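Participant: Protein chains in written order, with the UniProt record's numbering: chain G, 1 to 447; chain H, 1 to 497.
This is the structure in structure tokens:
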């Protein structure tokens with residue numbers, strides 16, 4: 001919860017819009033694919049923190065002007081959704097309406113803020129918009145960008161990205177491209193987005209349709225208000241797993257296994273699955289796994305091409321060996337993309353579903369080039385993403401951590417950031433488990 | 001078939017008769033002089049040189065008489081040249097090209113309106129209907145302060161907009177003409193709705209370090225026709241001051257005037273007015289004779305303010321909530337038509353060829369004295385001038401004038417396309433339109449162009465220019481640089497937003 005006192009921390013809020021500098025054209029339409037429609041109730045909210053050195057000379061005016069050039073390449077993010085009059089299927093009219101741009105100020109320095117964030121993750125909500133698409137589809141921006149300028153001159157750049165536009169890897173590529181443009185790399189103004197694969201109405205049914213997907217959970221119709229409110233109160237907690245931590249966990253749980261058979265993401269998933277099952281009443285038998293698929297994406301395209309799979313444990317997870325869970329995750333994870341698309345397409349994409357949080361969900365954004373963004377050759381101090389519009393089972397997002405700038409070695413010092421959004425009661429119990437496992441003492445990555 | 005042919009032949013015959021009549025009347029003096037001169041020459045040749053000499057001797061002209069006569073001739077010639085009004089040359093002009101980062105697509109305008117006027121859906125619908133039928137395109141621009149939701153314009157933002165627009169146009173003008181700011185003798189700035197202290201003309205003087213004996217003027221409150229009022233003023237001043245350079249800056253600063261209330265009649269300007277400005281370099285120096293693009297032939301100003309209805313039809317006032325806006329009355333088109341009629345009755349005799357005037361006179365007399373049922377003859381203004389620049393005040397204004405003056409689509413193309421690309425930029429719209437005609441390569445040496453401006457008051461002002469030199473069709477140094485190749489476009493009656 002954000003207290004009124006905290007709300008005054010961020011002030012002087014102004015709203016405007018930025019859009020493509022070039023006219024996209026009349027009657028340019030984009031049809032979301034079934035996978036896009038399956039994700040429509042979810043939102044990715046990312047925040048990047050840049051120091052004063054990185055942002056010197058980047059006034060709000062300069063930032064906005066660079067965005068007009070940038071959005072020429074991504075005009076789909078500037079359109080607005082409508083429903084087809086005959087089927088009710090959502091589609092997007094690329095009418096250059098624009099991305100909402102929010103300017104704000106904060107009287108703390110970035111470092112002070114990051115310290116405060118450690119104590120209270122909810123402060124994050126002050127830096128990123130929580131607007132969702134709806135109730136008026138034609139007037140709801142699918143993307144909201146906020147720039148909060150801190151006392152020290154640094155700023156936080158946040159995105160509230162509707163998942164229907166694309167997956168986490170797409171967003172990261174998208175924002176990295178902005179940094180390239182503002183740094184003066186030539187904007188590829190003439191190259192169109194791959195319109196061919198986006199404009200076709202993906203009505204064809206996939207081949208395998210024998211079983212219903214476990215990861216896709218239908219929900220009560222939400223109409224034109226594209227969000228899902230979980231029934232219980234959710235809390236967020238971010239944990240930094242440094243390399244020493246990861247080494248310790250690996251030796252503790254997978255010491256007897258060959259290192260190449262212990263992929264990083266799946267091993268973290270297995271450990272957390274076990275820990276959550278230990279403290280939750282009604283242990284999660286099924287988990288959903290989302291991983292990005294870098295091979296599938298064309299350059300400069302945004303899409304939902306993440307691989308979604310579900311894993312069911314047919315034994316009791318509580319107290320089980322994480323290695324068994326790891327084997328399940330690695331060997332028995334079945335991709336459900338085709339089934340998801342088939343189910344969504346059954347009624348022309350009108351029904352509403354959730355994927356994140358329908359079961360306990362683990363999302364891998366480790367592959368994303370999160371720190372590939374550079375302003376004046378400075379990487380962000382910190383960057384993270386959360387997922388909103390979740391189901392009650394909660395979501396755990398695994399992201400790369402920033403490299404420690406003080407490190408002298410050339411090996412990766414970052415480790416991973418594990419951001420968990422879970423029911424509050426479960427979260428407090430889990431924190432105890434983490435403490436007992438020595439996970440909660442760590443050098444601040446923000447110092 | 002047969003019944004049509006006689007009609008066709010009839011109309012063709014009539015056409016040739018008309019052409020013959022026009023040629024005869026318009027070149028009457030030449031046609032009379034040629035036989036007379038020929039006659040005299042023939043007579044002289046017949047008489048022979050000796051006879052002519054003896055004729056000369058018989059006049060008994062004394063040396064004194066010869067001297068006196070030649071002195072008289074010289075005196076008369078001098079008096080004639082001195083009293084002739086100085087020719088005013090338009091050396092060149094430059095229009096402000098707004099950055100694409102300021103553009104306002106329809107969907108964006110409507111979305112912002114819905115958020116700003118969230119308690120008044122009827123007003124939002126009204127704005128949408130206006131925008132759909134406005135004739136504007138997706139690239140018109142509003143100043144940065146107006147892009148906020150809600151816009152909270154302050155004086156600093158207004159000054160910033162003035163600086164962006166005016167300085168950009170002036171810099172472009174200096175570049176095109178090579179004019180040194182220190183050479184400016186007269187500066188006239190017109191901006192109707194924003195009048196700070198020090199004035200915008202003082203702002204220009206400060207920025208470019210103009211001379212301290214400059215004659216500067218700042219016209220405010222004079223509406224969309226103020227551009228031509230400034231030109232008229234420059235012309236009058238250039239009659240008084242010889243060898244002088246005048247710069248006229250026409251603009252409208254939108255930032256402080258964005259209406260923030262709910263009255264529908266006052267929301268209309270929000271939908272139509274957009275950023276724009278122009279700087280024009282006029283001179284009476286003979287050295288610009290060959291370089292100048294145009295020379296000014298006539299300026300005619302008509303003011304209907306004596307009539308209450310005309311006076312109140314564009315009225316700035318506060319609404320019930322105290323918010324200031326411009327109220328446009330429903331009679332606007334009718335009053336504009338009346339003002340136009342007044343204006344063209346004055347300018348007609350100045351620009352129409354004699355044939356048209358004679359015909360008009362004959363028809364007028366005929367209607368009055370012989371047969372009142374004869375249709376009133378509207379002179380064909382297309383014979384007076386080759387190009388028209390009608391103030392792009394709105395689609396309705398252009399439609400009305402096209403009807404009244406019986407103009408073809410091509411004649412009003414410059415106006416319609418300017419409205420589409422730039423919106424209603426108030427007093428500077430005439431210059432964007434002129435630039436369109438030049439960029440399309442339609443302006444030839446000797447062509448005349450008629451600029452018609454309308455504005456609050458209610459005023460209708462006209463200026464007629466003559467193209468002084470040939471020009472190549474280039475747009476890359478003007479506001480149409482990126483867009484001229486896409487024009488003309490078909491503008492639908494109603495755009496689906």
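Yeah, the Cβ is synthetic: ideal placement off N, Cα and C, and Gly gets one too.
Here the structure is a predicted model, which is why all the values come from computation and not from measurement.
#1: For the 8 Å Cβ check, are there 3 or more pairs between the segment 427-434 of chain H and the segment 360-371 of chain H?
#2: If we call anything under 8 Å between Cβ atoms a contact, is residue 299 of chain H one with residue 204 of chain H?
#3: Cα separation between residue 470 of chain H and residue 437 of chain H?
#4: My guess is that residue 304 of chain G and residue 35 of chain G are in contact by the Cβ rule of under 8 Å, so how many angstroms apart are they, rounded?
#5: Determine contact between the segment 363-373 of chain G and the segment 385-404 of chain G, defined as no fewer than three beta-carbon pairs at a distance below 8 Å.
#6: Out of H:423, H:23, H:210, which one is the CA nearest neighbour of residue 179 of chain H?
#7: Looking at residue 366 of chain G and the ligand ADP, is the gap between the Cβ and the nearest heavy atom below 7 Å?
#8: Select from G:76, G:122, G:358, G:156 the residue whose C-alpha is nearest the C-alpha of residue 102 of chain G.
#9: How about residue 413 of chain H and residue 488 of chain H: do their beta carbons lie closer than 8 Å?
#10: Leaving aside the five residues before and after residue 14 of chain G along the sequence, list all residues of the same chain whose C-beta is less than 6 Å from its C-beta, in chain order.
#11: Mind pulling the beta strand (DSSP E) runs of 3 or more residues that sit fully within the segment 327-383 of chain G?
#12: Figure out for me which residue from G:271, G:310, G:279 has the closest Cα to the Cα of residue 450 of chain G.
#13: Looking only at DSSP bridge pairs, what is residue 511 of chain G linked to?
#14: Bridge partners for residue 187 of chain H per DSSP, in chain order?
#15: Going by DSSP, name the residue or residues bridged to residue 218 of chain G.
#16: Report the three-state DSSP secondary structure of residue 269 of chain H (helix, strand or coil).
#17: Given a cut-off of 8 Å, decide if residue 270 of chain H and residue 258 of chain H are closer than it, judged by their beta-carbon atoms.
#18: Below 7 Å between beta carbons is the criterion; list the residues of the segment 145-172 of chain H that meet it against any residue of chain G, in chain order.
#19: Would you please verify whether the beta carbon of residue 17 of chain G is less than 8 Å from any beta carbon of chain H?
#20: According to the neighbour-count rule (16 or more other Cβ atoms, all chains shown, within 10 Å of its Cβ), is residue 308 of chain H buried or exposed?
#21: Apply the 10 Å Cβ neighbour rule to residue 240 of chain G and answer buried if 16 or more other Cβ atoms are within range, or exposed otherwise.
#22: Determine the contact status of residue 381 of chain G and residue 50 of chain G, defining contact as a CB-CB distance below 8 Å.
#23: Roughly how many angstroms separate the alpha carbons of residue 178 of chain G and residue 67 of chain G, rounded to a whole number?
#24: Have a look at residue 28 of chain G and residue 76 of chain G and give me their C-alpha separation to the nearest angstrom.
#25: Could you check where the beta strand (DSSP E) with residue 30 of chain H kicks off and where it finishes?
#26: How far does the beta strand (DSSP E) with residue 95 of chain H in it extend, from its first residue to its last?
#27: As an exercise, report each continuous alpha helix (DSSP H) stretch of at least 4 residues that is fully enclosed by the segment 82-162 of chain G, in chain order.
#28: By Cβ distance, which residues of its chain are closer than 6 Å to residue 53 of chain G, with the 5 residues on each side in sequence left out?
#29: Got a sec: is the Cβ-Cβ distance from residue 160 of chain G to anything in chain H below 8 Å?
#30: Does DSSP put residue 257 of chain G in a helix, a strand or coil?
#31: Under 8 Å between C-beta atoms, does residue 508 of chain H make it to chain G?
#32: If you measure beta-carbon to beta-carbon, which residues of the segment 377-391 of chain G are closer than 9 Å to chain H?
#33: Within the segment 318-379 of chain H, note down every full alpha helix (DSSP H) run reaching 4 residues or more, in order along the chain.
#34: Taking DSSP as the reference, what is the three-state secondary structure of residue 257 of chain H?
#35: Within the chosen definition, does the segment 173-193 of chain H reach the segment 219-230 of chain H through at least 3 CB pairs nearer than 8 Å?
#36: So that I know if they touch, is there some Cβ in chain H lying closer than 8 Å to that of residue 68 of chain G?
Facilitator: Answer, in terms of the structure:
#1: no
#2: no
#3: 13 Å
#4: 4 Å
#5: yes
#6: H:210
#7: No copy of the ligand ADP appears in this structure; indeed no ligand is present at all.
#8: G:156
#9: yes
#10: 103
#11: 360-364
#12: Within the shown structure, residues of chain G are numbered from 1 to 447, placing residue 450 of chain G beyond reach of any answer.
#13: Lying before the first or after the last residue shown, residue 511 of chain G is absent from chain G, which here runs from 1 to 447.
#14: H:216, H:247
#15: G:353
#16: helix
#17: yes
#18: 147, 148, 149
#19: yes
#20: exposed
#21: buried
#22: yes
#23: 7 Å
#24: 10 Å
#25: Here residue 30 of chain H belongs to no beta strand (DSSP E); instead the alpha helix (DSSP H) covers 28-47.
#26: 89-95
#27: 110-119
#28: 378
#29: no
#30: coil
#31: Within the shown structure, residues of chain H are numbered from 1 to 497, placing residue 508 of chain H beyond reach of any answer.
#32: none
#33: 332-351, 354-365
#34: helix
#35: yes
#36: yes
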